[in-house]
Amino acid sequence: ERDVERAQTVRAGDKVVDALEEAINDQCARLIALRAPTAVDLRIVLSVMKVGGNLERIGDYAKNMA
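According to the numbering used here, the sequence shown holds residues 47 to 112 in order.
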């Protein structure tokens, strides 16, 4: 069943996810620059950046399927 309205919602949501990923990356870069985290803290920050990228990719897949 094709649901045009739902597909448009998914496409619009992708733009939101893209913006969130950019904000996550900006905040992580700022945190690295200002706080110079080491060891465990740095791994956490880098993991957060990776999760943001993965969520953005999922958003792209959802948009392509819609």
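Think of the CB as a built atom: it goes at the ideal place given N, C-alpha and C, for glycine as much as any other residue.
Keep in mind that this is a model prediction, so the values were computed, not measured.
| query | result |
| --- | --- |
| Residue environment, E47, which counts as buried when at least 16 other CB atoms sit within 10 Å | exposed |
| With 16 other Cβ atoms within 10 Å as the buried cut-off, status of G99 | exposed |
| E69 versus D49 - alpha carbon distance | Here residue 69 turns out to be Ala, not Glu, going by the sequence shown. Cα-Cα distance, rounded: 31 Å. |
| Residue nearest to E102 in terms of C-alpha spacing, selected from S93, E51 and K61 | K61 |
| Inter-residue Cα distance where the pair is D72 and S93 | 14 Å |
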